[in-house]
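A short write-up of the structure that comes next.
Shown next, in the form of structure tokens:
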């Protein structure tokens, strides 16, 4: 049994354990009520049937006694014999009335004298039955003649019947004629109404048990569902957290133990996520520290040879004509050397971004200068730039040079996403919390959703000649200004980059 229960889900365990606690008491109570009701009904019907037999005996005795008294009073002769009374026409009518009186389907009234001779009977008058015996061999007539009055039960098998039927008889003694007046009925007829009531009670109890059992099962199932639903939800959340989705939360409702456990689990996942973020941040800082040391060495070891290469390439380029077959090779050497130098500079900028020097800056004016500069850049060919600056925008505490680098990076990235031309909107507006928002809205090719989070990672790029450090440096500068940068993009429609900066804050 224990092994079986252990294999069940919690909901079915509750049903298996709780339902017997509900159904068994109901069955016991129903059986007890049914027994009491049946017993009381049985007693009531039995008593009523016995009273009917007693009334029938009293009826017959009263008829005989009435005839006896009437006949004596009519002739005024106490010496008249009982034989003369029974031979009168009035008595013949009484006999017919008694014989015609039925008890149930087959019961009847009969009379006999104390010697066992039937004096009134539907079909055996004059027959002596003193020695008659029932199906078990008991001389029941002899007992009736001896006791004169009372009740008797005996099994009786009629002609043509295969089994005997139990018969019950009530009899009284009529002393004036030394007669025994009896009324008999078979018990199955005698108890017929009681049996009907018993069947009705049993049917009602079974129906009640079915209805109550079904209702109880449904209620217990509903209760178990409500009870296990939070646990099922917790299990689903735990499985997702196990897969690494630490942002998943358990729903906390109420103040019971499950809610307390859900709250503790949520706090635990918050701590784990925070620790992982700290680990990632520490790892990133370690990388940056190593990158800073490496970049310092790289700057000294690579910049000097690159300078020599660029110098000689420029010198040779100046000595050669553009028609010379080797001119394109020298030009390629010069261009790639410049690209290497820019990579080193970007690496140094990312690894050792200086602390911003904050001062009040007119952001609209700064962006207007940058837009004029960027409009003439080769990456912005066929790109139309619109400005939508909010007038009277308050001055913002920021480092103008660093913010110029941020804006140029974002504008040139937008131009790179529109190689066949398009439109770029640069917008400024104040937002809640004492902040301003700068939006760069382009109509370029857009960014796939799975790449949006990756584009801020160092060295991640989709450009053939990109370093993958531009947006990483941009986010680093914005975060040092205590700002935020967000990107919304729809492939094939365009991209919106929003930079939010505080207007005023303490010196960093």
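Residue numbers (this note's numbering): 79 to 586.
The beta carbon of each residue, even a glycine, is placed where N, CA and C say it ideally should be.
Item                                                                                                                   : Value
Spatial distance of residue 483 from residue 572 (CA atoms)                                                            : 22 Å
Simplified DSSP state of residue 500, which is helix, strand or coil                                                   : strand
Beta-bridge partners of residue 244, as assigned by DSSP                                                               : 233
Span separating the alpha-carbon of residue 136 from that of residue 182                                               : 17 Å
Residue 254 and residue 213 closer than 7 Å at C-beta                                                                  : no
Beta-carbon proximity list for residue 565, same chain, < 6 Å, skipping 5 on both sides                                : 530, 575
Proximity test, residue 344 beta-carbon vs the ligand ADP heavy atom, cut-off 6 Å                                      : Judged by which ligands are present, the structure shown has none, so any question about the ligand ADP falls away.
Start-end ranges of the alpha helix (DSSP H) lying completely within the stretch 238-320, minimum 4 residues           : 265-268, 270-320
Limits of the unbroken beta strand (DSSP E) element including residue 185                                              : 185-191
Start and end residues, alpha helix (DSSP H) containing residue 553                                                    : 548-558
Cross-strand partners of residue 129 (DSSP beta bridge)                                                                : Its beta-bridge partners do not exist; DSSP assigns none.
Length of the line joining the Cα atoms of residue 157 and residue 145                                                 : Caution applies to residue 157, whose pLDDT of 47 falls short of 50 and renders its modelled position unreliable; the model cannot decide the point.
Beta bridge counterpart(s) of residue 195 as assigned by DSSP                                                          : 206
Whether residue 472 touches residue 524 by CB criterion (7 Å)                                                          : no
Contact check, residue 508 vs residue 516, beta carbons under 7 Å                                                      : no
Which residues DSSP lists as bridging residue 439, in chain order                                                      : 474
Whole-angstrom distance between residue 168 and residue 154, CA atom to CA atom                                        : Below a pLDDT of 50, predicted positions are generally treated as unreliable, and residue 154, at 48, falls in that range; no measurement from the model is reported.
Spatial neighbours of residue 456 in its chain, beta-carbon cut-off 6 Å, leaving aside the 5 residues before and after : none
Environment of residue 236 [buried if 16+ CB atoms lie within 10 Å]                                                    : exposed
Per-residue burial, residue 94 [other beta carbons within 10 Å of its own, 16 or more giving buried]                   : exposed
8 Å contact criterion, which residue 436 and residue 506 should meet: CB distance rounded                              : The pair is not a contact, with the Cβ atoms about 18 Å apart (cut-off 8 Å).
First and last residue of the uninterrupted beta strand (DSSP E) at residue 576                                        : 572-580
Collapsed DSSP secondary structure at residue 31 in the structure displayed                                            : Outside the displayed range of the chain (79 to 586) lies residue 31, so it cannot be described from this structure.
Residue 190 beta carbon less than 7 Å from that of residue 197                                                         : yes
Closest by C-alpha distance to residue 440, when choosing among 138, 556, 475, 326                                     : 475
Other residues of its chain near residue 110: CB distance less than 6 Å, five sequence neighbours each side excluded   : none
Residue 610 vs residue 520 beta-carbon contact at 7 Å                                                                  : Because the chain is modelled from 79 through 586, residue 610 falls outside the range shown and cannot be assessed.
Residue 205, buried or exposed, once every other Cβ within 10 Å from all chains shown has been counted against 16      : exposed
Local conformation of residue 494 per DSSP, three classes                                                              : helix
Distance, residue 266 Cα to residue 291 Cα                                                                             : 34 Å
Three-state secondary structure assigned by DSSP to residue 457                                                        : helix
Minimum C-alpha distance to residue 249 - residue among 284, 481, 129, 201                                             : 129
DSSP state of residue 144 mapped onto helix, strand, coil                                                              : helix
Selection from 354, 310, 238, 460 that minimises the alpha carbon distance to residue 323                              : 354
Contacting residues, own chain, Cβ-Cβ under 8 Å from residue 412 (five flanking each side not counted)                 : 388, 391, 392, 395
Residue 107 versus residue 301: straight-line alpha-carbon distance, rounded                                           : 23 Å
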